[in-house]
Structure formats: C-alpha cells, structure tokens
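S.K.:
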Amino acid sequence: MTRKQKRLLTRIIVAAVLFLCGNLIPLPEWAEMGVFLICYAVAGWDIVWKAVTNILHGQVFDENFLMTIATVGALILGEHSEGVAVMLFYQVGEWFQSYAVSKSRKSITSLMDIRPDYANVERGGKLVQVDPDEVNIGDTIIVKPGERVPLDGKIIKGVSALDTSALTGESMPREVEPGMDVISGCINQTGILTIETTKEFEESTVAKILDLVENASDKKGRTENFISRFARYYTPIVVFAALALAILPPIFLQQPFGIWIYRALTFLVISCPCALVISIPLSFFGGIGGSSKIGVLVKGSNYLESLAHAEVVVFDKTGTLTKGSFAVSEIHAVDVKDSQLLEMAAYAEDYSNHPISLSIKAAYGKKIDNSRISDVQEIAGHGVQAVIDGRKILAGNAKLMEREHIKYAPSFSVGTVVYLACDGTYAGCIVIEDEIKADAAAAIKNLKSSGIRRTVMLTGDADAVGKKVAGRLGLDQAYTELLPADKVDRVEDLLKEKSEKGKLVFVGDGINDAPVLARADVGIAMGSLGSDAAIEAADVVLMTDEPSKIAAVMKIAHKTIRIANQNIVFALGVKFLVLILGALGKANMWAAVFADVGVSIIAILNAIRAMRVKHLDRSAKR
448 MTRKQKRLLT RIIVAAVLFL CGNLIPLPEW AEMGVFLICY AVAGWDIVWK AVTNILHGQV
508 FDENFLMTIA TVGALILGEH SEGVAVMLFY QVGEWFQSYA VSKSRKSITS LMDIRPDYAN
568 VERGGKLVQV DPDEVNIGDT IIVKPGERVP LDGKIIKGVS ALDTSALTGE SMPREVEPGM
628 DVISGCINQT GILTIETTKE FEESTVAKIL DLVENASDKK GRTENFISRF ARYYTPIVVF
688 AALALAILPP IFLQQPFGIW IYRALTFLVI SCPCALVISI PLSFFGGIGG SSKIGVLVKG
748 SNYLESLAHA EVVVFDKTGT LTKGSFAVSE IHAVDVKDSQ LLEMAAYAED YSNHPISLSI
808 KAAYGKKIDN SRISDVQEIA GHGVQAVIDG RKILAGNAKL MEREHIKYAP SFSVGTVVYL
868 ACDGTYAGCI VIEDEIKADA AAAIKNLKSS GIRRTVMLTG DADAVGKKVA GRLGLDQAYT
928 ELLPADKVDR VEDLLKEKSE KGKLVFVGDG INDAPVLARA DVGIAMGSLG SDAAIEAADV
988 VLMTDEPSKI AAVMKIAHKT IRIANQNIVF ALGVKFLVLI LGALGKANMW AAVFADVGVS
1048 IIAILNAIRA MRVKHLDRSA KR
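Heads up: take any position in the sequence shown, counting from 1, add 447, and you land on my numbering.
1. Going straight from the alpha carbon of G977 to that of A689, what length do you get?
2. Please classify S786 as buried or exposed, where buried requires at least 16 other C-beta atoms within 10 Å of its C-beta.
3. Is F714 closer than 9 Å to A1039 when the C-beta atoms are compared?
4. Helix, strand or coil, according to DSSP, for E825 in the structure here?
5. Among I879, A1054, Q636 and Q576, which residue has its Cα nearest to the Cα of T863?
6. Taking a contact to mean a Cβ-Cβ separation below 9 Å, would you say I835 touches S821 in this structure?
7. Quick one: any contact between the region 886–906 and the region 742–753, if contact means 3 or more CB pairs under 8 Å?
8. Report the rounded CA-to-CA distance for I523 versus F1017, giving the unit in angstroms.
9. Which runs of the beta strand (DSSP E) spanning at least 3 residues fall entirely within the region 967–1041, listed in chain order?
10. Could you tell me whether the region 800–815 touches the region 891–909, where touching means 3 or more Cβ pairs closer than 8 Å?
11. Please report the straight-line C-alpha distance between S664 and F731, rounded to a whole angstrom.
12. Would you mind reading off the limits of the beta strand (DSSP E) that contains M904?
13. Three or more beta-carbon pairs under 8 Å between the region 937–956 and the region 915–923, yes or no?
14. Specify the secondary structure class of K945 as computed by DSSP and reduced to three states.
15. Would you kindly work out how many angstroms separate the C-alpha atoms of M559 and D580, rounded to a whole number?
16. For the alpha helix (DSSP H) containing R850, name the first residue and the last one.
17. So E758 packs on G949, CB below 8 Å; how close in whole Å?
18. Assuming the contact rule is C-beta atoms closer than 8 Å, D763 and D992 should be a hit. Round their C-beta distance to whole Å, please.
19. If distances are taken between C-alpha atoms only, which option among A985, D956 and S946 comes closest to A965?
20. Secondary structure at I1051, three-state DSSP: helix, strand or coil?
21. Name, in chain order, the residues that DSSP records as bridge partners for N635.
22. N1072 by DSSP, collapsed to three states: which one?
23. Would you list the one or two residues that DSSP bridges to G600?
24. Going by C-alpha distance, which of L1052, I1055, A1034 and D599 is nearest Y709?
25. Hey, out of C486, L471 and P696, whose CA is closest to I459's CA?
26. Going by beta carbon distance, what residues of the same chain come within less than 7 Å of D586, once the five residues before and after it are set aside?
27. How many whole angstroms separate the CB atoms of G843 and V865, which I take to be in contact at a CB cut-off of 8 Å?
28. Could you give the first and the last residue of the continuous alpha helix (DSSP H) run that contains Q452?
29. Restricting to Cα atoms, I'd like to know which of E882, R850, K813 and M791 is closest to G837.
30. Please report the residue range of the alpha helix (DSSP H) in which G955 lies.
31. Please report the straight-line C-alpha distance between L768 and Q452, rounded to a whole angstrom.
32. Identify which residue in E851, V629 and I502 has its Cα closest to the Cα of D870.
33. Assign R595 to buried or exposed, taking buried as 16 or more other Cβ atoms, counted over all protein chains shown, within 10 Å of its Cβ.
34. On the criterion of 16 or more Cβ atoms from any shown chain inside 10 Å, does D782 qualify as buried, or is it exposed?
35. Based on Cα-Cα distance, which residue from G520, I634 and A478 lies nearest to G705?
36. Roughly how many angstroms lie between the CA atoms of K884 and K996, to the nearest whole one?
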C-alpha cells in the first residue's frame, strides 16, 4: 500500500470504531450527536473540501458534491447514523478503488523500474558514475553483474547472461558475447561487460518504452469516452430530479417536506455514478497492465478495444512468421552419409561469412580443423572450391555444377539449394530455408479459434517460398513477390472487404512495414527486443518475437471488453432499480449505500480480473 492508502485506511478504521460506539453504546442525545459529527469529520472531511473547492472552480456536479449534499442533508434531518454510514462506506469504496488502481498500475509501471540510475564511464583511467543523459554515442561504458544496462550499444568485451524479463516478460536469461547488440533496461547477471554506446539516452530503447508507458492511458476507447460523456450529463440530470422530488410532491400531494427531502437525499446517494466512472477505466487499465505482464505494450485502451473487434489479421513473413535467418532443412546425399555431406559442406564454407555458409556451419555444430583445408577459392556468383583432406570439394549453385561439367540431380525443393561434388563426382545437395518460428503455427490456429475470420500473409519473397510457408502454417491466403507499395494496396483492398465494425490488424517487424502498420486499424510490431521502428510505428509492440503473443493479447482484449460491459450492465441495472424504489420510498439510505458503494466495490473487484492473464498467455502457445 502507498502512504496515502495507509492514511485513508487508518481514517476508515478510526471512523468505524466511532460509528460503532455511537450505535452500540447508550449515550445522551448531545453526546451521540457529537460522536457522529466527529466520525463524519474523520471519514469525510476531504470529500466535503473537494466539493467546496470544485464548486469554487465551476465544477459543481460530481460525486463529491452528491455525497456532501446527501450526507449533510441526512445529518440536518436527524438521520445521523445513516448520514455517517453513507460517507464511511463511500470512503471504503474509494480505498478499494485506490488499491485496485495501484495494483493495476503496478503491472504497467513495473516497467518503470527499467530506468537506469547511472552509467559507469571510463574517464582519466578511472571508472566514474555519471547520469545516462551525459553519455555520448561512441563512449565506452562498463556494466557490472547486478547492474542495469543504461544505454543501447554493442558489446566489445565480456561474456554474460542478461535478464530481459522487464522488457519481454520472459524468465530465461539471454546469453551475450562480444559483437552482439544489447539494449538498455536489461540486468547484467554474471560477467563484466564493456559496451560501446550506439545511441544517446533519449533515443535509447528504455527511454522510448518509458514514454510509451507513460502515455498509454491518454488514448481512450469508445467505451471509456461514452462513460465520461454519460457521467457529464447524467449527474446534473439526477441532481435536478432529486430537487424536483424534494419540492414537487409535498406541494401537490400536501405531504411533509421532511419525507420527500429524505427520499431526495437517498435518491442522490443512489445516483452517484462512481461504479461506472471508476470501474470502466480500471478495466481497460487492468487490460493494458495485464498485457505488459506478458511482454506486450499496448499504447492505449482504444487499441485494446479495436483488437477485441478484429476480423482480419495480416502478417508480414520474414521476421514475423519466420526467424529471418537461414537454417538447413533438407540433406540429400548420394553414395555418402548425410553427416559426411554436411561435414564436407561445412569445411568448404569455413572461410565464408555469408548467411548460407553460417547456417551450414551451425547445422554441422562441430569445431572445424583448419589444417584439413587448403587452396580455398571463391568463384563469384557460383560458390566455392576447396581442397579438404586432399580431395577437391565444390559447393555452390547449379551454375557451378554446370560450369565444372558435373552431372547432378536438380532439386525442386523450395529454398536455397547448395550442390556438392567431390573429386568431380556429384555428392548430393543441402536445402536451406528461412526457419519458421516455433509458435507460428499455434498462433494462427489460436487466432482462428478466437474468432478471426481471415488470416493473410504479405511477402516480397518468391511465390513458391511464400505459398509453402502459408501452407505449413494454415494461413487462408498468401500474396507474394510484393513491393512495399504493393503491400499497402493489398491492405487497402482487405479493408474494403471487412465488415463495418470489424477491424484489420497488421503484424510486421516494424522496420520495413511502417506504411502498412500506419494504414491498418491496429498495427502490431514484432519488437525484436525493442526495435526503434517498432516502438514508433506500431499501436501495439510485442517485446518478444513470438507470434503467439498476438492471440494472447487479443484474448486479453476480449476479456477486458467483456468485464467492462458486465460492469456497465450491472451498475446501471442496480442503480435504476434502487432509484425507482428510492423515489417510491421503498429504499432507505442503507439501500443507497449498497447501490453506490456496494456496486462500486463489486465492479472494482470484477475489473481487477482483467489483470489475470498468465493462463491466457499459456493457452495461446498451445
């Protein structure tokens, strides 16, 4: 609890003790009145003060005004116990609200802990702690075990494991070594890292994320805006209705004013829109907070609401559904074992840093003995020639085989094919493809099961490659060989085909897909541990590269909207029922307390459920 919450709780406890004393201990009338007045002052002095100051600033019709008028009126009418009870229980509701908001905010602002306090910079041969704002691009910083990486940069010395959980929601540490990029906000766990900074603090990942989080609550959804407008008109209406209830019946029915004033005050307490004003924003706040728990940053409740109405999800391929890195997918050996063919290729490609070469060496996975290799020649546009253990090895494309007049069996596999020959004889081929992400198929399946009507892939890749990936993942449609401008045109066509209320979601890597991200109803970027373009261009940022997070955040959105609608129906239903009973004299102040405070507490507790998301994240990965 915060200090403010503790103070309010203390006041509630003191007021509750005084309230019980006034009701249970036999006291003279004047003493009893004094106890209740002290109790009222302890419980509600801040509410009365807010009502007075708001009136002075021209803001008359709010919940503070309603509570003050109703409770002061009850005290004047001699209903001391009921008047104090209304204020006391109203404060109980306020405490519940404050506690719930704090809990929800904690889920989001836990990200605020990623802000670094200092950076260790070498100056004059000494290690000096400076503010991250004072570090320039190209400076060398030292990050010790247990410290937070203060700025984005490249590791020039040291090996360690980084805790990225604050950014990604993932518990497994990330192993890093020299040459690798690191982003600010991660915690160094094991070794000392020497890092050359590549960005200033204001342009770093951590600064951009903090800015995103701080502004997330500014963009309200339709439901939230409706509630704000509703409360603005609703409150003055019920005030004038209560005034009419207090004046008109006594005049026309010739009944005592006291009865109808009491009913009017009860009417005011019942009509307080606290449950709606508090619980609806809290529901969305909880949804945004719950999303951040699983490593998804939603820039506003309006995007959360749009995700709940998504009909079409459009994917980029490379970096979104696939890893964007090559991996060996097939080995077709002739007269040798698969392992021998792979070894042959790895040794032949040892001196190359081409992505194809790196993927072959990664698949081989053993240390290469350079003493076995000699006479390496790179043949531009064809491949490589090398002597390995005294044998002439050729590794390259079909043109290399034809150039060397080697009879080979053409491969029709989709992907990049590396053909190999040993001493002039064809030895087989290795097929290399962009690797599909482990959870991509599950992501598509879960999206369809959650109500997504159509899944589409847009890619600049060859038609055969695109169709193969789409088939493996179970996508409904794939458009291939597209330029960036073509992607925008396709999205425009898809936008015309969806229903009026339906939304189109585009998922890309946030770098090449900025125009499409901007055009879609909701743009989701695969953050790749915090890419700049992703954070700036998208409406929703996935801090991991897991497509399954898309289905998870959509489930969170559906849950959030469902909870918000439940609170609206419940709050309005109970209020209108008790309002009618109050106007007819069938509901007293205690019923009013339930209609206001009781409904608020129930709605708040229901709104808190929006933060329970771990099970949704787990189910989205299956």
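C-beta: ideal position from N, C-alpha, C; glycine also.
M.R.: If we stick to the structure as given:
1. Confidence is the limiting factor: at G977 the pLDDT is only 48, short of 50, which leaves the residue's position unreliable and the question unanswerable from this model.
2. exposed
3. yes
4. strand
5. I879
6. yes
7. no
8. 32 Å
9. 969–973 and 987–989
10. no
11. With a pLDDT of 49 at S664, under the threshold of 50, the modelled position of this residue cannot be trusted, and the question is left open.
12. R901 to L905
13. no
14. coil
15. Any reading at M559 needs caution, since the residue's pLDDT is 49, under 50, leaving its predicted position unreliable; the model's value is listed next. Cα to Cα, the separation comes out at about 17 Å.
16. A845 to R850
17. 3 Å
18. Actually they do not touch by this definition, with Cβ atoms about 12 Å apart.
19. A985
20. helix
21. L609
22. It is not possible to answer for residue 1072, since the shown part of the chain is limited to 448 through 1069.
23. V629 and T644
24. A1034
25. C486
26. V568 and T644
27. 7 Å
28. R450 to L471
29. M791
30. Careful: G955 lies outside any alpha helix (DSSP H), inside the beta strand (DSSP E) at K950 to G955.
31. 46 Å
32. E851
33. buried
34. exposed
35. G520
36. 13 Å
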